[in-house]
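Student: Per full-length UniProt numbering, residue 1 is the first one in the sequence shown, and the count goes up by one each step.
For every residue, glycine included, the Cβ atom is placed at its ideal position computed from N, Cα and C.
Take a look at this one; I'll ask things after.
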Amino acid sequence: MKKINKICCIGAGYVGGPTMSVIAQQCPEIKVTVVDINKERIALWNSEDLDKLPVYEPGLKEIVGEARDRNLFFSTEVDQAIDESEMIFISVNTPTKTYGKGKGQAADLKFIELCARDIARVAKTDKIVVEKSTLPVRTAEAIKSILENTGNGVNFEILSNPEFLAEGTAIDDLLNADRVLIGGAETEAGQEAKDALSSVYEHWLPKERILQTNVWSSELSKLVANAFLAQRVSSINSISALCEKTDANVAEVSRAIGFDSRIGPKFLNASVGFGGSCFQKDILNLVYISRSFGLEEVADYWEQVIIMNDYQKRRFAENIISTLYNTVSGKKIAFYGWAFKKDTNDTRESAAIYVADALLDEQAEIVVYDPKVTEETIYADLDYLKTRDPQENRRLLKVVTDPMEAAKEAHAIAILTEWDEFKEYDWQKVYEAMLKPAFVFDGRRLLDSDKMNELGFKYYKIGQS
Ligand code: NAD
Ligand code: UDX
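Dropping the structure here:
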């Protein structure tokens, strides 16, 4: 079997960084180089101070501290890393297209294509190219065509190895993966490449959890896994709206149905809506692919998961406005949390962005506190929507580093992220600091209703009347 000594990963983001750090830690005899065209990002990965790494994940800094400069390297020397490696992971971003055909739905594959062209130009020895990014089914075909038609006559084997880690638990998900999926050609060379990648993961995962498929099944399975997970969240969120009208409690409903072993208890937490860089993008991609094959009913079915999620975010914002006597103009609303979930500094597609945007339209004055998200990121998220000019965003929304300062003389607090520290606050003190009546809108079902009511709050919990 082909032995892998050097690995390169193109893309040092939320997936490339943690995934390669774990591979390097678990496979000390393999040299792992993570490259990126973003110089600042690479400089941060090389920071002496491990608290400055560009990705925050519990357990990550310890692993980087152990492996970096031993067999884990972060660099901007893309060509050199491609040249010397036997196996090249492509882990670049594949955002939704913002222009041209498929705008707003299809995946933008320009970064993937650039990587393929770089590899074709540089490679002088045979390479195994691994798709780590999430890609539309049949992308491997395009990569193969670029590599074979523009390369230097060397052999390329293309594998699909989608990543299933969730942010905030990335290290644990990598170390204890439910499964690793490896798709490749059903040829002798394809099998050899699949086995070579499998042997990397076998350093720490039992062989039974490493699934081999054909390349198209692997590419499609990644989109389908995210679509199924997001569908569960939209399903329970749709029921949360019904619970609020009927005196049923969504937590009790989740528990009752989750006990059915065919349904299972996970991913049934009602919330203000799912966010993150993957769910929406991957479902839109699935919808686009289905539609492009003329499968209108299939496309409509999956699109409804996104429609329900948009409804849930809008519904949360509208409930704040109607409860605050139909006007939030000039009222101070504190946001506890901006990240799309706890334990990450990632804010991509976070529900908080859309709830803030809706309230700013009504001239609310928002003060945000999030333990890990920077002011710069929060303004960038709002400016990206282009709903109003950047000065107006800065005039209406402030970012603070102290949760009590956010609460001071606020008309309402909206909980947008389920950070553990929010549960530990002295809510009596928070109550005293706020204007009365003191409203709390809990979009994460984090706090205890009875306790909050006892303290005097007007407390609204999603999925409960
Ligand atoms: P990211 O934006 O955090 O990182 C991508 C990196 O690729 C960026 O730093 C960018 O500068 C770099 N890059 C782009 N083009 C390049 C090029 N030509 N050469 C070198 N570097 C280049 O993205 P991410 O969150 O790590 O996601 C990467 C892929 O993994 C996406 O396809 C995503 O769908 C998928 N994925 C993400 C997650 C997640 O939780 N974030 C989970 C599973 C799968
Ligand atoms: C997801 C997939 O879980 C992961 O396998 C894939 O590789 C990338 O996409 P991620 O987006 O990082 O991971 O986080 P995830 O835990 O799935 O949460 C996504 C969103 O759904 C978050 O906003 C989260 O708060 C929300 N969510 C999740 C709920 O609202 N309720 C739930 O029960 C679960």
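Evaluate the contact criterion for the region 442–449 versus the region 389–408: three or more CB pairs, one atom per stretch, below 8 Å.
Tutor: Counting Cβ pairs under 8 Å, fewer than three are found: no touch.
Student: Taking the alpha helix (DSSP H) that residue 48 falls in, what are its first and last residues?
Tutor: In the sequence shown, residue 48 corresponds to position 48, counting from 1. Where residue 48 is concerned, there is no enclosing alpha helix (DSSP H), given that its DSSP letter is neither H nor E.
Student: Within the same chain, show all residues whose beta-carbon is closer than 7 Å to that of residue 26, passing over the 5 residues directly before and after it, in chain order.
Tutor: Position 26 of the sequence shown, counting from 1, holds the residue named residue 26. Within the same chain, residue 26 has close Cβ partners 203 and 204.
Student: Judging by CA-CA distance, which residue of 92, 228, 193 and 75 is the nearest neighbour of residue 263?
Tutor: As a first step, residue 263 must be located in the sequence shown, where it is residue number 263. Closest option to residue 263, Cα to Cα, is 228.
Student: How is the alpha helix (DSSP H) around residue 259 delimited, first residue to last?
Tutor: Within the sequence shown, numbered from 1, the residue matching residue 259 stands at position 259. Per DSSP, residue 259 belongs to no alpha helix (DSSP H) and is neither H nor E.
Student: Flag residue 201 as yes if its beta-carbon sits less than 7 Å from any beta-carbon of chain D, otherwise no.
Tutor: Looking at the structure shown, chain D is missing, and only one protein chain is on hand.
Student: So, helix, strand or coil for residue 96, using DSSP?
Tutor: On the sequence shown, residue 96 is found 96 positions in, with the first residue counted as 1. Residue 96 falls in the strand class under three-state DSSP.
Student: Classify residue 69: buried if its beta carbon has 16 or more other beta carbons within 10 angstroms, exposed otherwise.
Tutor: Counting from one through the sequence shown, the residue named residue 69 turns up at place 69. When all chains shown are included, residue 69 counts as exposed.
Student: With a CB to CB cut of under 6 Å and the five nearest residues on each side skipped, what residues in its chain are close to residue 212?
Tutor: Sequence index remark: in the sequence shown, residue 212 carries index 212 (1-based). Only 182 and 194 meet the Cβ criterion.
Student: DSSP three-state label for residue 72, please.
Tutor: As a working mapping, residue 72 is identified with position 72 in the sequence shown. Of the three classes helix, strand and coil, the one that applies to residue 72 here is strand, per DSSP.
Student: Answer yes or no: the CB of residue 291 versus the heavy atoms of the ligand NAD, is any distance below 6 Å?
Tutor: As a first step, residue 291 must be located in the sequence shown, where it is residue number 291. The answer is no for residue 291.
Student: Output the residue ranges of the alpha helix (DSSP H) runs that lie fully inside the region 258–310 and measure 4 residues or longer, sorted by chain position.
Tutor: Runs of the alpha helix (DSSP H) inside the region 258–310: 279–292.
Student: What does residue 87 pair with, by DSSP beta-bridge criteria?
Tutor: For this step, residue 87 is matched to residue 87 along the sequence shown. 7 and 128, per the DSSP bridge assignment.
Student: Name the residue from 435, 429, 329 and 414 whose alpha carbon lies nearest to the alpha carbon of residue 462.
Tutor: For the purposes of this step, residue 462 is taken as residue 462 along the sequence shown, with counting starting at 1. When only C-alpha atoms are compared, the closest one is 414.
Student: In whole angstroms, what separates the C-alpha of residue 160 from that of residue 12?
Tutor: For the purposes of this step, residue 160 is taken as the residue at position 160 of the sequence shown. For the purposes of this step, residue 12 is taken as the residue at position 12 of the sequence shown. Their backbone Cα atoms lie some 18 Å apart in a straight line.
Student: Look up residue 183 in the DSSP assignment and give the residues it is bridged to.
Tutor: For the purposes of this step, residue 183 is identified with residue 183 of the sequence shown, where counting begins at 1. Paired residue(s): 160 and 213.
Student: For the region 160–174 against the region 131–150, do three or more pairs of beta-carbon atoms, one drawn from each stretch, fall closer than 8 Å, so that the two count as touching?
Tutor: These segments touch.
Student: Helix, strand or coil for residue 457 per DSSP?
Tutor: Taking the first residue of the sequence shown as 1, we reach residue 457 at position 457. Residue 457: coil per DSSP, three-state reduction.
Student: Got a sec: does the ligand ATP put a non-hydrogen atom nearer than 6 Å to the Cβ of residue 463?
Tutor: Here the bound small molecules are the ligand NAD and the ligand UDX; the ligand ATP is not part of this structure.
Student: Short check: CB of residue 343 to CB of residue 58, under 7 Å?
Tutor: Here residue 343 refers to the residue found at position 343 when the sequence shown is read from its first residue. Here residue 58 refers to the residue found at position 58 when the sequence shown is read from its first residue. The answer is yes: Cβ separation under 7 Å.
Student: Going by the C-beta, is residue 175 closer than 6 Å to any heavy atom of the ligand UDX?
Tutor: The residue you call residue 175 lines up with position 175 of the sequence shown. No, the beta carbon of residue 175 sits no closer than 6 Å to any heavy atom of the ligand UDX.
Student: Report, in whole angstroms, the separation of the C-beta atoms of residue 268 and residue 232, which I expect to be a contact under 8 Å.
Tutor: Along the sequence shown, one-based indexing puts residue 268 at 268. Along the sequence shown, one-based indexing puts residue 232 at 232. At roughly 6 Å, the Cβ-Cβ gap stays under 8 Å, so residue 268 and residue 232 are in contact.
Student: By alpha-carbon positions, which one of 2, 285 and 63 ends up nearest to residue 85?
Tutor: Walking along the sequence shown from the start, residue 85 turns up at place 85. Here the closest residue by C-alpha is 2.
Student: Beta-carbon distances below 6 Å to any heavy atom of the ligand UDX define the shell here; list its residues in chain order, please.
Tutor: Listed by chain position, these are 163, 164, 165, 166, 167, 226, 229, 233, 267, 268, 269, 271, 274, 275, 276, 278, 279, 340 and 341.
Student: The ligand NAD heavy atoms versus the CB of residue 286: any closer than 6 Å?
Tutor: Translated into the one-based positions of the sequence shown, residue 286 becomes position 286. For the ligand NAD, not one heavy atom lies less than 6 Å from the Cβ of residue 286.
Student: Of the residues 330, 137 and 156, which one's Cα is nearest the Cα of residue 145?
Tutor: Taking the first residue of the sequence shown as 1, we reach residue 145 at position 145. Closest option to residue 145, Cα to Cα, is 156.
Student: Just list the alpha helix (DSSP H) runs in the region 347–406, keeping only unbroken ones of 4 residues or longer that don't cross its boundaries, in chain order.
Tutor: Listed in chain order, they are 351–361, 375–385 and 390–396.
Student: So residue 270 and residue 237 are in contact, right, with Cβ under 8 Å, and what is the actual spacing, rounded?
Tutor: By one-based count along the sequence shown, residue 270 stands at place 270. By one-based count along the sequence shown, residue 237 stands at place 237. Residue 270 to residue 237, Cβ: 6 Å. Contact.
Student: Taking 8 Å as the cut-off, does the region 372–384 touch the region 302–313 (at least 3 CB pairs, one atom from each stretch)?
Tutor: No contact exists between the region 302–313 and the region 372–384.
Student: Look up residue 82 in the DSSP assignment and say whether it is helix, strand or coil.
Tutor: Residue numbering aside, residue 82 sits at position 82 when the sequence shown is read from its first letter. Residue state, collapsed to three classes: helix.
Student: CB of residue 14 to nearest heavy atom of the ligand NAD: below 6 Å?
Tutor: The residue given as residue 14 occupies position 14 in the sequence shown. Yes, since a heavy atom of the ligand NAD falls inside the 6 Å radius drawn around the Cβ of residue 14.
Student: Taking 6 Å as the cut-off, is the CB of residue 257 close to at least one heavy atom of the ligand NAD?
Tutor: Locating residue 257 in the sequence shown gives position 257, where the first residue counts as 1. It does not: the Cβ of residue 257 is nowhere closer than 6 Å to a heavy atom of the ligand NAD.
Student: Rounded to whole angstroms, what's the CA-CA distance from residue 54 to residue 44? Just pull it up for me.
Tutor: By one-based count along the sequence shown, residue 54 stands at place 54. By one-based count along the sequence shown, residue 44 stands at place 44. Straight-line Cα distance between these residues: approximately 6 Å.
Student: Judging by CA-CA distance, which residue of 75, 149, 50 and 47 is the nearest neighbour of residue 16?
Tutor: Position 16 of the sequence shown, counted from the start, is the residue given in the question as residue 16. Per the Cα distances, 75.
Student: Heavy atom of the ligand NAD less than 6 Å from the Cβ of residue 79, yes or no?
Tutor: For the purposes of this step, residue 79 is taken as the residue at position 79 of the sequence shown. For the ligand NAD, not one heavy atom lies less than 6 Å from the Cβ of residue 79.
Student: Just the Cα atoms here: how many angstroms apart are residue 208 and residue 349?
Tutor: The residue you call residue 208 lines up with position 208 of the sequence shown. The residue you call residue 349 lines up with position 349 of the sequence shown. Each residue's Cα considered, the two are about 35 Å apart.
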